[in-house]
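In this note's numbering, the protein residues as written are 548 to 930. Worksheet: the structure to be examined is printed underneath.
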Ligand SMILES: Nc1nc2c(ncn2[C@@H]2O[C@H](COP(=O)(O)OP(=O)(O)OP(=O)(O)O)[C@@H](O)[C@H]2O)c(=O)[nH]1
Ligand SMILES: [Mg+2]
Ligand SMILES: [Zn+2]
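Below you can see the structure in the form of structure tokens.
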């Protein structure tokens, strides 16, 4: 989750003209197969003068031809709205400000990281791992500690002070007693926010509290889009009553850190602060006690940093090894003990999947997937 594509990868010649005042603009809130649920910036009036706030859209063939993907969160221009059936066609996708790959969401403006103060107990290593992952997306992160009702005020204060030293200003809330929810609502207003956090901390409870059930039903997509809306493949943006969109992500407990070792230090705000004071002697310093390193070891999460660094280094080495193995030549030794290069046979990875294998894969999938996920898969796999 929370994987990020750097913005310079997003430039595309398809993003041509800028929208004009007469364009019908909206935000994609749900995607499934070839249908897009779009929440309009301004409601349209139908023939009976009733407002239409959402359109179920298809993608213009032109966009399909140029391979323009449409994600949840995309800002789009719509043509040919059909007032009768609340349908439309997406004619253009505006340039993305941010793009996450897992969950697949465009234009997210902040990550709301939710942890519980207790039940499950707040685990500093796990919290640190989530924070580093969130920092690596470069999307601003708001830290929220739920279930404050389970701790007394002294214990709450202790956590707050501890996390301030980590460089965060956590918002302590309780979905149960509503503590801090007003402040949280203010932070979410008018923004696209990604909800993240481990299992059982109260993410779904929070969504249910912030978004009245009636509203959820109204905004949930109908018909074909209804099925499978809680699977990871089908991320959905929920509309907050005060404006703003919220994406739930499934809870998982151990995010994978896939950053470069040299970047890692920048994902710790308390270390970043130290780096701003000057430079280390070596430009490729890993900040683990090298001579004249500007980063000291006098911070609580230094231990976390060292452990995550080991992990990042090990991962980089593994990736490198794999790349070496996949290169097109392999080193061999001749009888005289001299090394020579021999072209490799086509590796398994590049071999064309046989029709039979594809069938087998599909069979396996049929066992586990919902019907409409399969529809989508069959769209993806070209037979
Ligand atoms: N005491 C207390 N319990 C809470 C609070 N918020 C949620 N819970 C409880 O915590 C449990 C887990 O809540 P969920 O909302 O299902 O948690 P989640 O983060 O969505 O979990 P996953 O879907 O597994 O990722 C439920 O039993 C909730 O009733 C709170 O503020 N205080
Ligand atoms: Mg949940
Ligand atoms: Zn250093």
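Built from N, CA and C at the ideal position, the CB exists for glycine as well.
Among the options, the one whose alpha carbon lies nearest that of residue i
{"i": "residue 635", "options": "725, 614, 660 and 573", "result": "573"}
{"i": "residue 581", "options": "624, 688 and 618", "result": "618"}
{"i": "residue 749", "options": "833, 666, 836 and 786", "result": "666"}
{"i": "residue 803", "options": "673, 839 and 686", "result": "673"}
{"i": "residue 712", "options": "846, 566, 859 and 860", "result": "846"}
{"i": "residue 589", "options": "714, 818, 578 and 571", "result": "571"}
{"i": "residue 499", "options": "738, 714, 705 and 801", "result": "Outside the shown range of the chain, which is 548 to 930, sits residue 499, and nothing can be said about it."}
{"i": "residue 821", "options": "841, 731 and 814", "result": "841"}
{"i": "residue 758", "options": "782, 786, 739 and 733", "result": "786"}
{"i": "residue 805", "options": "874, 682 and 706", "result": "682"}
{"i": "residue 642", "options": "565, 722 and 884", "result": "565"}
{"i": "residue 669", "options": "730, 705 and 732", "result": "705"}
{"i": "residue 647", "options": "731, 631, 714 and 739", "result": "739"}
{"i": "residue 629", "options": "608, 610 and 591", "result": "591"}
Secondary structure of residue i, DSSP reduced to three states
{"i": "residue 566", "result": "coil"}
{"i": "residue 601", "result": "strand"}
{"i": "residue 611", "result": "helix"}
{"i": "residue 626", "result": "strand"}
{"i": "residue 755", "result": "helix"}
{"i": "residue 928", "result": "Only weak support exists for where residue 928 lies, its pLDDT of 37 falling under 50; the coordinates are left without a value."}
{"i": "residue 643", "result": "coil"}
{"i": "residue 635", "result": "strand"}
{"i": "residue 557", "result": "In this predicted model, residue 557 has a pLDDT of only 46, less than 50, meaning its place in the structure is not dependable enough to derive any value."}
{"i": "residue 833", "result": "coil"}
{"i": "residue 658", "result": "strand"}
{"i": "residue 590", "result": "strand"}
{"i": "residue 723", "result": "coil"}
{"i": "residue 776", "result": "Reliability fails at residue 776, whose pLDDT of 41 lies under 50, so the model's placement of it is uncertain and no value is given."}
{"i": "residue 746", "result": "coil"}
Sub-8 Å separation of residue i and residue j beta-carbons
{"i": "residue 816", "j": "residue 856", "result": "no"}
{"i": "residue 743", "j": "residue 811", "result": "no"}
{"i": "residue 789", "j": "residue 736", "result": "yes"}
{"i": "residue 658", "j": "residue 741", "result": "yes"}
{"i": "residue 623", "j": "residue 613", "result": "no"}
{"i": "residue 943", "j": "residue 686", "result": "Beyond the ends of the chain as shown, which are 548 and 930, falls residue 943; an answer cannot be given."}
{"i": "residue 753", "j": "residue 699", "result": "no"}
{"i": "residue 703", "j": "residue 719", "result": "yes"}
{"i": "residue 721", "j": "residue 751", "result": "no"}
{"i": "residue 577", "j": "residue 889", "result": "no"}
{"i": "residue 710", "j": "residue 664", "result": "no"}
{"i": "residue 756", "j": "residue 728", "result": "yes"}
{"i": "residue 678", "j": "residue 691", "result": "no"}
{"i": "residue 620", "j": "residue 585", "result": "no"}
{"i": "residue 873", "j": "residue 880", "result": "no"}
Any contact between the stretch 599-612 and the stretch 642-655? By contact I mean 3 or more CB pairs, one from each, below 8 Å. Taking 8 Å as the limit for Cβ pairs, the verdict is that the stretch 642-655 does not touch the stretch 599-612.
May I have all residues whose beta carbon comes closer than 6 Å to any heavy atom of ligand 3, sorted in chain order? Proximity to ligand 3 was defined by a C-beta distance below 6 Å to any of its heavy atoms, and the residues meeting it, in sequence along the chain, are 827, 832, 834, 837, 840, 841 and 842.
Count Cβ pairs between the stretch 820-827 and the stretch 847-867 that sit closer than 8 Å; are there 3 or more? Flag = no, the stretch 820-827 and the stretch 847-867 do not touch.
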